[in-house]
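Peer 1:
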Amino acid sequence: MVNIERPHIEIKPRIYLPADFDFKTWDDLEPFYEELKTREIKNGQDLRKWLIDRNEVEVFLSEEGAWRYIHYTRNTEDETIRSRYQFFINEIKPKVAPYSNDLDKKFIESPFLNELNEEAYHIYIRAVKNELELYREENIALYVKSEEKSQEYADLMSQMTIDYQGHEYTLSQAARFMKDPDRNVRREIFEKTKARKMQDAAKLDDIFTELVKIRHQIALNAGFNNYRDYKFKALGRFDYTMDDVYKFHQSIKDEIVPLVDELTEKRKEELNVDTLRPYDLDVDTSGKPALQPYKDSDDLIQKTVECLSKLHPVLGEYILIMNEKGYLDLDSRKGKAPGGYNYPLDEVGIPFIFMNSSGKFRDLITMLHESGHAVHSFLTRNLYINAFKHSPSEVAELASMSMELLSMDYWNVFFKNEDDLVRAKEEQLSGIIEILPWIATIDKFQNWAYTHPEHTLQERNAAWIEIFEEFYPPLVNWDGYEDYKAKRWQGQLHIFETPFYYIEYGIAQLGALAVWKNYEENASKGLEQYLSALKLGYTVPVPEIYKTAGIAFDFSRDYIHELSQFIRTELESLNKEKITK
Ligand SMILES: [Zn+2]
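For our numbering, count along the sequence shown from 1 and bump the result up by 21.
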């Protein structure tokens, strides 16, 4: 059995802030920042102590901000909750930023910096220097503005519902009907969804126009030509270049798109339709109704615990702890923000999972995905300072995407019937292939948008369509829905809320496949390597974390080819299982 620590959820006692510390306004917080800023540091020991104290304040504040965000996304319609969140964004964060910059400078300029010679500090110091280079006081107000704009996006999306047969459905709930074997039902729901989204399309376009403007200005202020280049640096992408990213797009086009086309052609044949329509892409081609992996969120939690426990008993316990604390909000409801996330709560050291589940197979995958992030949070909770705990997205998404695949051997918890189990695995594997072109499309579109900051709406539509068609050859007939096709990017919340955080999913997806391949070859070694990599947090460079996981940090064409062949083989063997039964 792989040895990982039992979860002891003891919260570290505070040593700097008073145990019962709370704040109402900035005035309550400022003295601590001021003290840190002016404190005399006489030796390396003092510097370490200073870092710990600073960390405590930051951890406290990050957890406070996390809760305000979580409450807001759970109840976007509640004015009190909203104003508490906004107060944090508008009043607290802008006050913290200049102090953080001063503290960063104090740290980097300390004559005792070279006494922090453990590798983890090198990673941290590199990140701090990066922050210092990007910091501009005039950008603080622009960050606030861009957060407000992203919030407008979440508000609009959280209000979208459709009526069908006397029932009101959120869009997440309505998406279930895309699995209905009756094509007329699917078309009707698709058209209602389209109509609802198009009702706000112009508003979403305006929000994005504003965001591009604000973000472009942020980049100019920091001395960059465009926000793409600024963000590349801000995301701390130390181990690859923009050119590698462009090559990655091209490799997906060359290696993956043909495979997706094959799957699409096969779908068309199996559905026995003259022409595939956008509402034909999610339904099971066997004519069977949608998979039902669980009944409701309680059932989802219980089964997730059971499934992960089979992978390793402690993993299930992590989810149980979250459930006992009330740190899972899984069901889709009107008024909930879109999407799903695992939010690490840095002081208590237990994360929170938020999602919009409505019983779909995809929702199960989201739960397993977020569980992977949660496990990562638990495994890093005892690392020395916060910066050591939070790895960049190339690693964070490796944790989550690998969990989707590693758990597959135990999916019989969700699918009692062998036939459903095979269908589920098939859907997961084809989903992995199909997501890669989407990742390239979204990334390339953002690259275009921010390198053409003055673009008009017509140009934006045209660019989106051109990029979309590059990765999606015309196998699907969008006739009559062209306006909707031109706005499909609006459904991708990352574009609004976490710009450029998307290509990492592609990099990590390849890594996750490699982790799974290792696990299939040698389960205990594969799991051991995966968990050891997660435990590192961000104390070594990304390629070294991948190496610890037993995989390469690679997204070259050859690597994509190799892994896509692996999936192809796995899909074929699932297919055989179906035929022989
Ligand atoms: Zn994720």
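Idealized CB from N, CA, C, for every residue including glycine.
A quick note: this is a predicted structure, and the numbers were derived from the prediction, not measured.
Can you name the start and end residues of the alpha helix (DSSP H) that residue 219 belongs to?
Peer 2: Start and end: 204-220.
Peer 1: Looking only at C-alpha atoms, which of 180, 256, 58, 320 sits nearest to residue 154?
Peer 2: Ranking 180, 256, 58, 320 by Cα distance to residue 154 puts 256 first.
Peer 1: Do residue 551 and residue 423 come within 8 Å of each other at the CB atom, strictly closer than that value?
Peer 2: Cβ distance < 8 Å, so residue 423 and residue 551 count as in contact.
Peer 1: What whole-angstrom Cβ distance do residue 581 and residue 531 have, given they're in contact under 8 Å?
Peer 2: Yes, residue 581 and residue 531 are in contact; Cβ-Cβ is about 7 Å, under 8 Å.
Peer 1: If I measure Cβ to Cβ from residue 518 and keep anything under 6 Å in the same chain, skipping five residues before and after, which residues do I get?
Peer 2: Once the five neighbours on either side are set aside, the close Cβ partners of residue 518 are 171.
Peer 1: Using 7 Å as the cut-off, classify the Cβ of residue 270 as near or not near the heavy atoms of ligand 1, replying yes or no.
Peer 2: Not under cutoff, so the answer is no.
Peer 1: I'd like the span of the beta strand (DSSP E) that includes residue 315, first residue to last.
Peer 2: Run containing residue 315: none; DSSP gives neither H nor E here.
Peer 1: Can you determine whether any heavy atom of ligand 1 sits closer than 7 Å to the C-beta of residue 421, and answer yes or no?
Peer 2: Yes.
Peer 1: So what does DSSP say about residue 62, is it helix, strand or coil?
Peer 2: It is coil, neither helix nor strand.
Peer 1: Could you check what DSSP says for residue 411 in three-state terms: helix, strand or coil?
Peer 2: Coil, per DSSP.
Peer 1: Taking Cβ positions, are residue 282 and residue 494 nearer each other than 8 Å?
Peer 2: Yes.
Peer 1: Could you check whether the Cβ of residue 394 sits closer than 7 Å to any heavy atom belonging to ligand 1?
Peer 2: Answer for residue 394: yes, Cβ within range of ligand 1.
Peer 1: Please go through the same chain and pick out, in chain order, the residues whose beta-carbon is closer than 8 Å to the beta-carbon of residue 548, but skip the five residues on each side of it.
Peer 2: Same-chain partners within the cutoff: 23, 332, 333, 427, 540.
Peer 1: Consider the C-beta atom of residue 549 and the heavy atoms of ligand 1; say whether any pair is separated by less than 7 Å.
Peer 2: Flag unset: Cβ of residue 549 not near ligand 1.
Peer 1: Rounded to whole angstroms, what is the Cα-Cα separation between residue 471 and residue 483?
Peer 2: When rounded, the distance between both Cα atoms is 15 Å.
Peer 1: By DSSP, does residue 397 sit in helix, in strand, or in coil?
Peer 2: Helix at residue 397.
Peer 1: Let me know if residue 584 comes out buried or exposed under the rule of 16 or more other beta-carbons within 10 Å of its beta-carbon.
Peer 2: That one is buried.
Peer 1: Under the rule that 16 or more other beta-carbon atoms within 10 Å means buried, what is residue 61, buried or exposed?
Peer 2: By the neighbour-count rule (16 or more Cβ atoms within 10 Å), residue 61 is not buried but exposed.
Peer 1: Around the Cβ of residue 480, are there at least 16 other Cβ atoms within 10 angstroms (buried) or fewer (exposed)?
Peer 2: Result: exposed.
Peer 1: Going along the chain, which unbroken runs of the alpha helix (DSSP H) with 4 or more residues stay wholly within the stretch 327-353?
Peer 2: You should have 334-346.
Peer 1: Does any heavy atom of ligand 1 sit closer than 7 Å to the C-beta of residue 415?
Peer 2: No.
Peer 1: Should the stretch 358-368 be called in touch with the stretch 51-66, which here means at least 3 C-beta pairs below 8 Å?
Peer 2: Because the criterion of three Cβ pairs below 8 Å is not met, the stretch 358-368 and the stretch 51-66 do not touch.
Peer 1: Applying the 10 Å Cβ sphere with the 16-neighbour rule, what's the burial state of residue 586?
Peer 2: The residue is exposed, with fewer than 16 neighbouring Cβ atoms inside 10 Å.
Peer 1: May I ask whether a heavy atom of ligand 1 can be found less than 7 Å away from the beta carbon of residue 390?
Peer 2: Checking every heavy atom of ligand 1 against the Cβ of residue 390, one is found closer than 7 Å.
Peer 1: Relative to the alpha-carbon of residue 48, which residue among 90, 104, 116, 33 has its alpha-carbon at the smallest distance?
Peer 2: It is 116 whose Cα lies nearest to the Cα of residue 48.
Peer 1: Cβ-heavy atom distance between residue 425 and ligand 1 below 7 Å?
Peer 2: False, no ligand heavy atom lies under 7 Å from that Cβ.
Peer 1: Which residues bound the alpha helix (DSSP H) around residue 364?
Peer 2: Here residue 364 belongs to no alpha helix (DSSP H); instead the beta strand (DSSP E) covers 362-364.
Peer 1: From the DSSP output, in three-state form, read off residue 185 for me.
Peer 2: If DSSP states are grouped into helix, strand and coil, residue 185 belongs with the strands.
Peer 1: Less than 6 Å between C-beta atoms, sequence neighbours within five positions excluded: which residues of the same chain meet that for residue 352?
Peer 2: Correct list, in chain order: 318, 378.
Peer 1: Using 7 Å as the cut-off, classify the Cβ of residue 418 as near or not near the heavy atoms of ligand 1, replying yes or no.
Peer 2: At least one heavy atom of ligand 1 is nearer than 7 Å to the Cβ of residue 418, so yes.
Peer 1: Need the endpoints of the alpha helix (DSSP H) that residue 378 sits in, please.
Peer 2: Element bounds for residue 378: not the alpha helix (DSSP H) but the beta strand (DSSP E), 373-378.
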